[in-house]
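Q: Before I ask anything, here is the structure I am working with.
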Amino acid sequence: MKRGPDLAGHLPAAMPELGAAVPALAVSGIASTEPFLIEGEAASVQGVLKGGIDRIRIHDRVVVRDLTLAGSLGVNFVLMPGALRRERTGPLGTIMENVVVAPTLPFVAVQWSGSPVASDDALRLRLTPADSQVQYDMRDGVLRAHGQDSGQSVALALHGGKGEWTVLDAGDGSLLVSHEMGGAGPLTLLIAAGSEAALRSAFAAAAHLAAHERRAAAASVDGVRVVTGVAELDEGVAWASSRVGASLRRSAVEGTGHDGVGSSHRVFWSGLGALAVADVETAGLAVSLLDDMLGAGEACQPEWPLGAMATLLAARLALTSGDASAARQRARFVLSGPSSPSGLSSDGVGLWALALETLADALRYTETDDRIADLRRLAVELPSAAAGGTRLPMVGDRRPDAGDFLTSVLAGGVGKPPATGMSRLDETLHTWSGFGEDADGAWGQWRAMLSLGFASGPSGPASWDEVEDAMAPGAPVTGAMLAAFSHSVLGYMPDAPSGRLRLAPRFPSHVHSLAIEGLRLASTSIALRYERSKTLHRFELEPTSARVPPMLVLEPSVPGKRLVEAHIGGVSADLEATSEGERVRVRVQLPLEGPCTIDLRTE
Numbered sequence: 018m019k020r021g022p023d024l025a026g027h028l029p030a031a032m033p034e035l036g037a038a039v040p041a042l043a044v045s046g047i048a049s050t051e052p053f054l055i056e057g058e059a060a061s062v063q064g065v066l067k068g069g070i071d072r073i074r075i076h077d078r079v080v081v082r083d084l085t086l087a088g089s090l091g092v093n094f095v096l097m098p099g100a101l102r103r104e105r106t107g108p109l110g111t112i113m114e115n116v117v118v119a120p121t122l123p124f125v126a127v128q129w130s131g132s133p134v135a136s137d138d139a140l141r142l143r144l145t146p147a148d149s150q151v152q153y154d155m156r157d158g159v160l161r162a163h164g165q166d167s168g169q170s171v172a173l174a175l176h177g178g179k180g181e182w183t184v185l186d187a188g189d190g191s192l193l194v195s196h197e198m199g200g201a202g203p204l205t206l207l208i209a210a211g212s213e214a215a216l217r218s219a220f221a222a223a224a225h226l227a228a229h230e231r232r233a234a235a236a237s238v239d240g241v242r243v244v245t246g247v248a249e250l251d252e253g254v255a256w257a258s259s260r261v262g263a264s265l266r267r268s269a270v271e272g273t274g275h276d277g278v279g280s281s282h283r284v285f286w287s288g289l290g291a292l293a294v295a296d297v298e299t300a301g302l303a304v305s306l307l308d309d310m311l312g313a314g315e316a317c318q319p320e321w322p323l324g325a326m327a328t329l330l331a332a333r334l335a336l337t338s339g340d341a342s343a344a345r346q347r348a349r350f351v352l353s354g355p356s357s358p359s360g361l362s363s364d365g366v367g368l369w370a371l372a373l374e375t376l377a378d379a380l381r382y383t384e385t386d387d388r389i390a391d392l393r394r395l396a397v398e399l400p401s402a403a404a405g406g407t408r409l410p411m412v413g414d415r416r417p418d419a420g421d422f423l424t425s426v427l428a429g430g431v432g433k434p435p436a437t438g439m440s441r442l443d444e445t446l447h448t449w450s451g452f453g454e455d456a457d458g459a460w461g462q463w464r465a466m467l468s469l470g471f472a473s474g475p476s477g478p479a480s481w482d483e484v485e486d487a488m489a490p491g492a493p494v495t496g497a498m499l500a501a502f503s504h505s506v507l508g509y510m511p512d513a514p515s516g517r518l519r520l521a522p523r524f525p526s527h528v529h530s531l532a533i534e535g536l537r538l539a540s541t542s543i544a545l546r547y548e549r550s551k552t553l554h555r556f557e558l559e560p561t562s563a564r565v566p567p568m569l570v571l572e573p574s575v576p577g578k579r580l581v582e583a584h585i586g587g588v589s590a591d592l593e594a595t596s597e598g599e600r601v602r603v604r605v606q607l608p609l610e611g612p613c614t615i616d617l618r619t620e
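Quick note, the sequence shown lines up with residues 18 to 620 if you use my numbering.
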């Protein structure tokens, strides 16, 4: 048997103690039987708050299952993206347990503040190298296991523990592993997976566990950030953004091997949510996942054609990021390949028409005029083709479908979504639609959903999606919530090919202060701040990074019966204004060359 690398030499002489401070984005409470899932870019951990850890995934496979600690019971927890902290009681008193999922390195760390029990086999787990011919070796307290491919291994080390690993071959390609939990100081279980070089890097990085904990808990997103001073709102949006990103990164390495209909919705709405917070890298993963599902011929609902969802998401990715590569590939497939929308039922026509029109808009400067004309012609001809004949323009014989719904709500309007087969997602889409009719009422429903998931969602704290399978691809409810906020509250509509950004904010009437950072248009990032003092509404906009000044189209809807006066940069301006019941919509268009202040006074 080939011996593994000498990993013990890469373990630090001392392991930093975790849990000294509770960072932002934390949710604390009494532990229950709710499942939890903490995620990073390279790994995830799934378990039960009052129990053990069901599985640990690193990169593309589950490497540990059924991690338990004998004689202890969780009594309290603090959960945050990438980290979990639990107080546990045992025969020797109360200890603190921390689990850290490193966002960028292939390791997971579990640390206990002291020795919870003294039995020889207190720590138990199942090691799964994912091969029927499992082999292992132990050297200086490090257990390394691998299958036929000895270059892809799993390594365990219990820093601060006494004794050696006890290993039993389960005969099914897994190892039953236990270890004594003696020792006075912090005990740290380090789990790493990958190549020999990756294992060495992970063990060396263990000396900086405290830094990794801060990095994991920060949940920083290169995209939209909400700043209101209301922690539940600001951190809820940040955590939701982090959840969508982590779920799609996990899906990219694990595949979408669940039911095809559900998987298509999970990935599509997750990708739409990622775009809503300007996370174009994650949205690109969603586009790739949908393309893979198309190639595999996965099933979808007639009302929600998989090809149309993939096309629409690729087009909107190009409109946000300016990168049209995925959109051009979709155009080639649609016009001449196996994804051509031929033989559609009338149920899916509207979504295909929206997808093709959006694709034509996204490619209007990167494709030939003939190909753009072909896309637009196909979008117009689809309804007639699906109906089986020529349809006169004035005959409205097609019932509203997914395309009509998305066309409306992406522009902040009202729509009726066809059922997705996922009850919580349907509820979220219904709430999204309500913003176009009653902004204040829909805001209250949306905030209630955000609060519920942030406090104790279906899959544990700070998660809004059902747990049917905690490792299922994507976070569709979370993505739809983000999309509702971005498109119906902010009116965020980027058009990177034209260098134009439309913002149509419709803030609830009780909101007097709000700031949004990280609104993206290609490589440009824009900050929006809103302040209200009685009938004076001030909008401050600033390009925080930009190569070329973007063209800004600002169309805010503010409380009031009419616009009394307006100033741009302190100079009086005659602006177009439209009354909308108890609100007024104002339109401003200007190149955003630097910080700009727009004051609107209503009555």
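A virtual CB, placed ideally from N, CA and C, is assigned to each residue, including glycine. Just so it is clear, the structure is predicted and the values come from calculations on it, not from any experiment.
Less than 8 Å between the CB atoms is what I'm expecting for Thr424 and Met498, so what's the real figure, rounded?
A: That pair is no contact at about 20 Å.
Q: Taking just the CA atoms, how far does Met326 sit from Trp369?
A: Approximately 8 Å between the Cα atoms of the pair.
Q: With 16 other CB atoms within 10 Å as the buried threshold, where does Ser353 fall?
A: exposed
Q: Quick check on Gly68: does DSSP put it in helix, strand or coil?
A: Residue state, collapsed to three classes: coil.
Q: DSSP state of Gln128, grouped into three classes?
A: strand
Q: What do you get for Tyr547, buried or exposed, if any count of 16 or more other CB atoms within 10 angstroms of its CB means buried?
A: buried
Q: Within a Cβ cutoff of 7 Å, which residues of the same chain sit near His14, ignoring the five residues on either side of it in sequence?
A: In this structure the chain extends from 18 to 620, so residue 14 is not present and cannot be described.
Q: Per DSSP, what are the beta-bridge partners of Gly477 in this structure?
A: Paired residues: Gly474.
Q: Would you please state the rounded distance, in angstroms, between the beta carbons of Val79 and Ile70? I believe it to be under 8 Å.
A: Contact check for Val79 and Ile70: beta-carbon distance about 11 Å, past the 8 Å limit, so the pair fails to qualify.
Q: What are the boundary residues of the alpha helix (DSSP H) that includes Arg381?
A: No alpha helix (DSSP H) contains Arg381, which DSSP labels as neither H nor E.
Q: Consult DSSP for Trp463 and reduce its assignment to one of helix, strand or coil.
A: helix
Q: Expressed to the nearest angstrom, what Euclidean distance is found between the alpha-carbon atoms of Glu252 and Val575?
A: 26 Å
Q: Do Thr619 and His554 come within 9 Å of each other at the CB atom, strictly closer than that value?
A: One thing to note: His554 has its Cβ within 9 Å of the Cβ of Thr619.
Q: Can you list, in chain order, the residues of its chain with a C-beta nearer than 6 Å to that of Asn115? Leave out the 5 residues immediately preceding and following it.
A: Residues Leu35, Gly36, Arg102, Gln128 of the same chain have their beta carbon placed closer than 6 Å to that of Asn115, with the five preceding and five following residues left out of the count.
Q: Check the C-beta distance from Pro490 over to Val506 and give it rounded, since I have them as a contact under 8 Å.
A: About 27 Å; that fails the 8 Å criterion.
Q: Quick check: what's the CA-CA separation for Leu11 versus Pro560?
A: As shown, the chain starts at 18 and ends at 620. That puts residue 11 outside it, with no answer to give.
Q: What would DSSP say about Arg618, mapped onto helix, strand or coil?
A: Three-state result, Arg618: strand.
Q: What residue does the alpha helix (DSSP H) around Phe350 start on, and which one ends it?
A: 342 to 353
Q: Can you check DSSP and say which residues form a bridge with Met97?
A: Ala100
Q: Within a Cβ cutoff of 6 Å, which residues of the same chain sit near Glu51, ignoring the five residues on either side of it in sequence?
A: Non-local beta-carbon contacts of Glu51 in its own chain, meaning distances under 6 Å to residues more than five positions away in sequence, involve Leu66, Gly477 in chain order.
Q: Need the endpoints of the alpha helix (DSSP H) that Val297 sits in, please.
A: 297 to 312
Q: If I follow the unbroken beta strand (DSSP E) through Pro560, where does it start and stop?
A: Pro560 -> beta strand (DSSP E) spans 553 to 562.
Q: Quick check: the Cα distance between Arg549 and Leu531, rounded to an integer number of angstroms?
A: 9 Å
Q: Following the continuous alpha helix (DSSP H) through Met498, name the residue where it begins and the one where it ends.
A: Where Met498 is concerned, the enclosing alpha helix (DSSP H) starts and stops at 493 to 501.
Q: From the DSSP output, in three-state form, read off Leu292 for me.
A: helix
Q: Taking the alpha helix (DSSP H) that Leu427 falls in, what are its first and last residues?
A: Run containing Leu427: none; DSSP gives neither H nor E here.
Q: What separation, rounded to the nearest whole angstrom, lies between the Cα atoms of Val294 and Arg388?
A: 31 Å
Q: Let's test the definition: count the other Cβ atoms within 10 Å of the Cβ of Asp421 and tell me whether it reaches 16, buried, or not, exposed.
A: buried
Q: Buried or exposed: which applies to Ser562, given that a residue is buried once 16 or more other Cβ atoms fall within 10 Å of its Cβ?
A: With a 10 Å radius around the Cβ and a threshold of 16 neighbouring Cβ atoms, Ser562 comes out exposed.
Q: So within the segment 154 to 213, which uninterrupted beta strand (DSSP E) runs reach at least 3 residues, ignoring any that extend past its ends?
A: Correct list: 159 to 163, 170 to 176, 183 to 186, 192 to 196, 204 to 211.
Q: Out of Ala513, Leu520, Glu557, Ile533, which has the shortest C-alpha to C-alpha gap to Ala539?
A: Ala513
Q: Locate the alpha helix (DSSP H) running through Gly587, then write down its first and last residues.
A: It is not in any alpha helix (DSSP H) - Gly587 carries neither H nor E in the DSSP assignment.
Q: Going by DSSP, what residues sit across from Val116 in a beta bridge?
A: Paired residue(s): Leu101, Val127.
Q: Taking C-alpha atoms, which residue in Ala48, Arg82, Leu54 lies nearest to Val92?
A: Ala48
Q: Assign Leu518 to one of three DSSP states: helix, strand, or coil.
A: strand
Q: In this structure, what does DSSP give as the bridge partners for Trp369?
A: Trp369 pairs with nothing; no bridge assigned.
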